[in-house]
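A short write-up of the structure that comes next.
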Amino acid sequence: MFPSFPPTIYPAAFCIGVIASFRLPETGRFWLWAGLFAVLSGWLLRAWRQGCGVQAAAFALWLAIGAGYGIARTQYALSQQVPLQNRVQPVRLVLTVSGLPEQDAQGRVRFEGRAETEDGRRYTLVFSDYAGREWHAGEVWQVQARVKAAVGMRNAAGFDAEAQALANGWDGSATLGAQRFRLPENGWRRFSPDAWRARINAGWMRAAARFPDGAGLMSALAVGSRAALSAETQAALRPLGLNHLVSISGLHIGMVAWLAAWLVQRLLLLLPKMPVSPRGWAAAAGVAAAVFYAALAGFGVPALRSVAMVAVFALAWARQRAAGAWQAWQLAMAVVLALQPAAALSAGFWLSFGLVGALLWVSAFRLPEKQSWRAKLKTAVRAQWAATLAGGVGTVALFGLLPVFSPLANAVAIPLFSWLLVPLALVCSVLPWDMPKLFAAQIGEWVAHAVRYAGAHLPDVAFAQAPAPLVAAA
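When you line the sequence shown up against the working numbering, it's residues 903 to 1376, in that order.
Shown next as structure tokens:
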């Protein structure tokens, strides 16, 4: 009567529960949900008594735990947001800049910061400075700002400002006034990831005087900031389907982790025999490199997913056990949703896990094994088409656009970015000299020119909904 489930599917049950919690009706009907919970509890008790349904009961239990956890965390996040007010009055805040400021074409500067009010309440806000002044990560200021709640127009088929704020952990937004006073900083802030990102970005900005787009591209690959990329270059990325490459993506994090593990393993083989297996040290190096690179990205959803999957595979590889790809995929999703349940509201969550799921589905991915170059090429072609079809449906559904030439552009750009530009950006970022940054920025400038030329001649196609043939093929 009760189906049997393998224990490895329990993380998936938790994820389904968390995601389902965001599909509940908006109105709070306590007795309805209490009744449903009572029915589920009775079903679990019956399954437990019959013995044959213990695994099914555990699956349902994890489903209920996920839904309850998602509801509780979301309700707590909503209670911590800026309250809705009839009139927005200027208030005094102690502002700590935490994100990298970005300036748009109109001169407005936007950044994320932590704010504390005079009565001790603390918020994470997105600040806008229409005066275009300089702000740096780690700085502490006393400012006057108009703080607004995280609200927006209800539009099921368009951009949802409230969902974006909840998914990113923003408690509201603020518009900065003219007055600001610099306050003493905590000396330890210089060692924070935000301060590292700011120093690395400043180094690339010195190279931007000669190679503006090249330095902006390297900064985007090193710390995830697109502020220095020209509007023309960013617009050219869309019809090529290359937006995911001009950032610290999961692909890049996985590549950096693999490279770090490979280098450590090769170095250890040159040393005398050690009591600890080189596999353990190499796996630890890969995970450490992934965590460090993800910290430079601000630990976004793709970064969290990649770190979680790298950690699972590294542990299995170090213990010389086969690591099931779907198990790692489920565990990574469970980790992301446990840390930030509202990530399920972001487009990046679905594109990130959806594309990786498509790759796993077609390639039956396992830990790296020896294969012929023909088998590797065949797997690469299948994976590229799977990502194109699944990503195409997702892109049309979320953004209404389809980059038709994405497969060809990605086939050329992925190896170029992963094996040349990203390592170059990381190595030059940690070097204290400007000459290597100028060399890397010049290469980035050539790539940016090629992207702009291709983007200007290869259009994308707009759709109200995903075409039926594309959905069927996917």
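Every residue gets a Cβ at the ideal spot worked out from N, C-alpha and C, and that includes glycine.
- Query: Of all the options Phe1251, Gly1296, Leu1360, which has the alpha carbon lying nearest to the alpha carbon of Ile921?
  - Reply: Phe1251
- Could you give the C-beta distance for Gly1105 and Lys1339, rounded to a whole number, given that I count them as a contact under 8 Å? 6 Å
- Jot down the residue ranges of each uninterrupted beta strand (DSSP E) in the region 1022–1052, minimum 3 residues, whole runs only, in chain order. 1024–1031, 1042–1050
- Straight-line CA distance for Ala1364 to Phe1307? 14 Å
- Task: For the alpha helix (DSSP H) containing Ser923, list its first residue and its last residue.
- Result: 912–923
- Query: Phe1267 to Gly1118, Cα distance in whole Å?
  - Reply: Confidence in Phe1267 is poor, its pLDDT being 48 and thus under 50, which makes the residue's placement unreliable; the coordinate value appears in the next sentence. Their Cα atoms are separated by approximately 34 Å.
- Item | Cα-Cα separation between Ala1277 and Ser923, rounded to whole angstroms | 42 Å
- Message: For Lys1050 and Phe1301, I'd like the C-alpha separation in whole angstroms.
- Response: 27 Å
- Task: Give the single residue among Pro1371, Ala1186, Gln1232, Leu1131 whose Cα lies nearest to the Cα of Asn1145.
- Result: Leu1131
- Message: Assuming Thr998 and Asp1073 are in contact, meaning their beta carbons sit under 8 Å apart, how far apart are those beta carbons, in whole angstroms?
- Response: Thr998 to Asp1073, Cβ: 14 Å. No contact.
- Query: What first and last residue would you give for the beta strand (DSSP E) that runs through Glu1018?
  - Reply: 1011–1019
- Task: Count the other C-beta atoms from every protein chain shown that fall within 10 angstroms of the C-beta of Met1382, then say buried if there are 16 or more, exposed otherwise.
- Result: The structure shown does not extend to residue 1382, since the chain is modelled only from 903 through 1376, so no value can be given for it.
- Which listed residue (Ala1067, Ser1121, Leu1241, Val1189) has its alpha carbon closest to that of Gly972: Leu1241
- Item | Boundaries (first-last residue) of the alpha helix (DSSP H) holding Pro1095 | 1095–1109
- Continuous alpha helix (DSSP H) stretch holding Gln983: start and end: No alpha helix (DSSP H) contains Gln983, which DSSP labels as neither H nor E.
- Item | Continuous beta strand (DSSP E) stretch holding Leu1173: start and end | Run containing Leu1173: none; DSSP gives neither H nor E here.
- Query: Would the beta-carbon of Arg1010 fall within 8 Å of that of Ser1030?
  - Reply: yes
- Task: Counting only the same chain and skipping the five closest in sequence on each side, list residues whose C-beta sits under 7 Å from that of Leu1381.
- Result: Past the boundaries of the shown model lies residue 1381; the chain is included only from 903 to 1376, so the question cannot be answered.
- Query: Between which two residues does the beta strand (DSSP E) containing Val999 stretch?
  - Reply: 992–999
- Start and end residues, beta strand (DSSP E) containing Pro1081: It should be pointed out that residue 1081 corresponds to Gln in this sequence rather than to Pro. Per DSSP, Gln1081 belongs to the beta strand (DSSP E) from 1074–1085.
- On the three-state DSSP scale, how would you describe Ala1199? coil
- Rounded separation between Trp1231 and Phe1255 - CA only: 8 Å
- In chain order, what residues of the same chain lie with their CB nearer than 8 Å to the CB of Leu1333, ignoring the 5 residues before and after it? Lys1339
- Message: Assuming the contact rule is C-beta atoms closer than 8 Å, Ala915 and Gly968 should be a hit. Round their C-beta distance to whole Å, please.
- Response: 7 Å
- Task: Would you be able to state if there are at least three C-beta pairs under 8 Å between the region 1131–1141 and the region 1349–1365?
- Result: yes
- When the Cβ atoms of the region 1281–1293 are set against those of the region 1346–1354, are three or more pairs found closer than 8 Å? no
- Task: Please go through the same chain and pick out, in chain order, the residues whose beta-carbon is closer than 7 Å to the beta-carbon of Arg975, but skip the five residues on each side of it.
- Result: Pro1243
- Residue range of the unbroken alpha helix (DSSP H) whose run includes Asp1362: Careful: Asp1362 lies outside any alpha helix (DSSP H) and carries neither H nor E.
- Message: Restricting to Cα atoms, I'd like to know which of Arg1108, Ala1376, Trp1335 is closest to Thr1290.
- Response: Ala1376
- C-beta atoms of Val1028 and Glu1014 nearer than 8 Å: yes
- Message: Please classify Leu1322 as buried or exposed, where buried requires at least 16 neighbouring CB atoms within 10 angstroms.
- Response: exposed
- Inspect the beta-carbon positions of Ala1122 and Leu1328 and report whether they are closer than 8 Å. no
- Task: Check whether the Cβ atoms of Val1295 and Ala1368 lie closer than 8 Å to each other.
- Result: yes
- Identify, in the order they occur along the chain, each residue of the same chain with its Cβ nearer than 7 Å to the Cβ of Asn1103, setting aside the five sequence neighbours on each side. Leu1002, Ser1121, Val1125, Ser1127
- Segment contact, 8 Å Cβ cut-off, at least three pairs: the region 1147–1157 with the region 1197–1214: yes
- Item | Simplified DSSP state of Leu1002, which is helix, strand or coil | coil
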